[in-house]
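Novice: Structure in structure tokens, see below.
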Amino acid sequence: MEYRTFNKTGEKISLFGFGTMRMPVHEDGSLNHEESVRMIRHAIDNGCNYVDTAYMYHKGESEVAVGEALKGPYRDKVFLADKMPVWLAKDEEQMKKIFFEQLGRLKTDHIDFYLVHNITVPIWARAKRFNLMDFLLKQQKEGRIKHIGFSFHDEVDFFCQVLEEFPWDFCQIQFNYMDTHFQAGLKGLMKAASINIPVIVMEPLKGGKLADKVPTGIMKKFEESEVKRTPASWALRWVANFPEVLTILNGVHSFNQLEENLATLSDARENALTEEEKNLITDVANKYRKMEVYPCTGCKYCLPCTVKLDIPTIIDLYNQYHLYEKSEKIQADYNQWFGEKRRASMCTACGQCEEQCPQHLPIIEIMKKASEVFDK
């Protein structure tokens, strides 16, 4: 496994970080605890020492599974990361209750890397109103938190502002070859590095979009290269090429995906891509940008919907409809998965989903367009 140095302590962090937002599930959508625990432990046994979870991942079951996986000797082998979803707290006391509930779920007395989750303008304002940073500093002083950071989903200028407002130990941004100018992006990465704040990368595959069901035209680009790699490997190596990146979080939902990620990030080095390889990725990104309609990552922050729509899947199908040249198979999938009461046309335009979307997508507009396409 490739390791990089956490500048505050000199500790070595594995380049592959195990993200637990998209772990394996049963047919009914519930988390497959047994397989999740097996995968986490397999990753640790093969060199991964950074495991990331969050309060609402898999409806709270992610933290429980991580706690189970880290029983016994595994806890001391990893840096455990978790996050404070301040938007879910109605007041300061409930915010504190969430933190101690997390420690209970994780079956641990401390969290190594603790983040203010999903910072946007309103969430950062809420964190200040609830005196979150004072609370986190208190927990750090008492040993329940080792390092304090934040994850970010807003505009880059605001990112630079947040960097200056607290003595952060690290930060976490969305970064992949499609998102160089989205949210914090490349400018944010370089800004953080310039003031010695380590950067953890999430969504290196853009929620799997850069690896799953890759369009024929994109695959042709990759196949033209003398170097043969899977789309996932290309995307991960592109992120790993940046020396400013401390670790790369990728959510894997199958053992095969885990094995590929481990293999890729075991020998990915900084500044290792050739000019020809970097140009290939640039060409692929440009081709994708001409095809993609809405950059949803499938994070599910928009859920639950007030009328129980599966918003991420509807957006995914709408994107696929355009990526795959209006294939009838996409319409068939939509018809199969969504009954009369779960179609895009049932959207009431309440706007709750748009308030929670880290990508700031116009979901109401998308539901209307999806309805025009699929609900004929």
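When we follow this note's numbering, the leftmost residue of the sequence shown carries the number 291, and every step to the right adds one. Think of the CB as a built atom: it goes at the ideal place given N, C-alpha and C, for glycine as much as any other residue.
Extract the residue ranges of the alpha helix (DSSP H) inside the stretch 547 to 616, only unbroken runs of 4 or more that lie entirely within it.
Specialist: Listed in chain order, the complete alpha helix (DSSP H) runs (minimum 4 residues) inside the stretch 547 to 616 are 565 to 581, 601 to 613.
Novice: Evaluate contact between the stretch 343 to 350 and the stretch 296 to 311, counting only Cβ atoms and requiring at least three cross-stretch pairs below 8 Å.
Specialist: Yes, since at least three Cβ pairs between the stretch 343 to 350 and the stretch 296 to 311 fall closer than 8 Å, the two stretches touch.
Novice: So, are the CB atoms of MET291 and SER352 less than 8 Å apart?
Specialist: Going by C-beta atoms, MET291 is not nearer than 8 Å to SER352.
Novice: Taking contact to mean 3 or more Cβ pairs, one atom from each stretch, closer than 8 Å, check whether the stretch 509 to 527 and the stretch 475 to 491 are in contact.
Specialist: Result no; under three Cβ-Cβ pairs closer than 8 Å.
Novice: Any heavy atom of the ligand MG closer than 7 Å to the beta-carbon of SER515?
Specialist: Looking for the ligand MG in the displayed structure turns up nothing, as the structure carries no ligands at all.
Novice: Could you check whether the stretch 582 to 601 touches the stretch 556 to 573, counting it as contact only if at least three pairs of C-beta atoms, one from each stretch, sit closer than 8 Å?
Specialist: Judged by Cβ distances under 8 Å, the stretch 582 to 601 makes no contact with the stretch 556 to 573, as fewer than three pairs qualify.
Novice: I think HIS612 touches MET657, with their Cβ atoms under 8 Å apart; what is that distance to the nearest whole Å?
Specialist: So it is not a contact: roughly 16 Å between Cβ atoms.
Novice: Between the C-alpha atoms of GLN626 and LEU599, what's the straight-line distance to the nearest angstrom?
Specialist: Roughly 14 Å between the two C-alpha positions.
Novice: Among LYS518, VAL542, LEU563, LYS349, which has the Cα closest to the Cα of PHE532?
Specialist: Out of LYS518, VAL542, LEU563, LYS349, LEU563 has the C-alpha closest to the C-alpha of PHE532.
Novice: Can you grab the Cα-Cα spacing for the pair GLU550 / TYR364, in whole Å?
Specialist: Rounded to whole angstroms, GLU550 to TYR364 spans 22 Å at the Cα level.
Novice: Roughly how many whole angstroms lie between the Cα atoms of ASN576 and ILE653?
Specialist: C-alpha separation (whole angstroms): 24 Å.
Novice: In terms of residues, what are the limits of the alpha helix (DSSP H) holding ALA355?
Specialist: 351 to 359 is the extent of the alpha helix (DSSP H) around ALA355.
Novice: Check this for me: beta carbons of CYS589 and CYS643, under 8 Å apart or not?
Specialist: Contact flag unset, no.
Novice: Return the CA-CA distance between PHE456 and LYS418, expressed in angstroms with no decimal places.
Specialist: Taking the straight line joining both Cα atoms gives about 11 Å.
Novice: For ASP372, report the span of its beta strand (DSSP E) as first-last.
Specialist: Counting along the chain, the beta strand (DSSP E) containing ASP372 begins and ends at 369 to 374.
Novice: So the beta strand (DSSP E) LYS418 belongs to, where does it begin and stop?
Specialist: LYS418 -> not in any beta strand (DSSP E); alpha helix (DSSP H) instead, spanning 411 to 419.
Novice: Starting from the C-beta of THR470, find all residues in its chain whose C-beta is less than 7 Å away, skip the five residues before and the five after it, and write them out in chain order.
Specialist: Within the same chain, THR470 has close Cβ partners LEU476.
Novice: Taking 8 Å as the cut-off, does the stretch 403 to 422 touch the stretch 613 to 622 (at least 3 CB pairs, one atom from each stretch)?
Specialist: At 8 Å Cβ cutoff, the stretches do not touch.
Novice: Output the boundary residues of the beta strand (DSSP E) element that contains MET492.
Specialist: Counting along the chain, the beta strand (DSSP E) containing MET492 begins and ends at 489 to 492.
Novice: Would you say ARG294 and THR537 are within 8 Å of each other, going by their C-beta atoms?
Specialist: Yes, the Cβ-Cβ distance between ARG294 and THR537 is below 8 Å.
Novice: Taking only three categories from DSSP, how would you classify GLN646?
Specialist: In the structure shown, GLN646 sits in a helix (DSSP, three-state: H, G or I).
Novice: Roughly how many angstroms lie between the CA atoms of THR638 and PRO648, to the nearest whole one?
Specialist: Whole-angstrom Cα-Cα distance: 21 Å.
Novice: Could you give the residue range of the alpha helix (DSSP H) that holds TYR347?
Specialist: Here TYR347 belongs to no alpha helix (DSSP H), and DSSP marks it neither H nor E.
Novice: Looking at the strands, I want to know which residues DSSP matches up with ILE401.
Specialist: According to DSSP, ILE401 bridges with ILE435.
Novice: Can you tell me whether ASN546 is buried or exposed? The criterion is at least 16 other CB atoms within 10 Å of its CB, across all chains shown.
Specialist: ASN546 comes out exposed.
Novice: Using 8 Å as the threshold, is the C-beta distance between GLY439 and ASP459 below it?
Specialist: Yes, these two residues count as a Cβ contact at 8 Å.
Novice: Over the uninterrupted alpha helix (DSSP H) stretch that includes CYS461, give me the two end residues.
Specialist: Run containing CYS461: none in the alpha helix (DSSP H); it sits in the beta strand (DSSP E), 460 to 464.
Novice: I'd like to check one pair, LEU427 with ASN466: are the Cβ atoms closer than 8 Å?
Specialist: No, they are not a contact pair.
Novice: Taking a contact to mean a Cβ-Cβ separation below 8 Å, would you say ILE409 touches PHE442 in this structure?
Specialist: Contact flag set, yes.
Novice: Could you tell me if GLN462 is buried or exposed, where buried requires 16 or more neighbouring beta carbons within 10 angstroms of its beta carbon?
Specialist: When all chains shown are included, GLN462 counts as buried.
Novice: Checking 8 Å against the spacing of the C-beta atoms, do GLU432 and ALA483 come in under that value?
Specialist: Going by C-beta atoms, GLU432 is not nearer than 8 Å to ALA483.
Novice: Using the three-state DSSP reduction, which class does GLY541 fall into: helix, strand or coil?
Specialist: GLY541: strand per DSSP, three-state reduction.
Novice: Which of the three DSSP states is assigned to ASP469 in this structure?
Specialist: Correct three-state label for ASP469: coil.
Novice: According to DSSP, what are the bridge partners of THR295?
Specialist: DSSP output for THR295 lists LYS302 as bridge partner(s).
Novice: Going by DSSP, what residue range makes up the beta strand (DSSP E) through ASP342?
Specialist: Taken as a continuous stretch (DSSP letters only), the beta strand (DSSP E) holding ASP342 covers 340 to 342.
Novice: Look at the alpha carbon of TYR608 and the alpha carbon of VAL356, and state the distance between them as a whole number of angstroms.
Specialist: Going by the C-alpha atoms only, they are around 34 Å apart.
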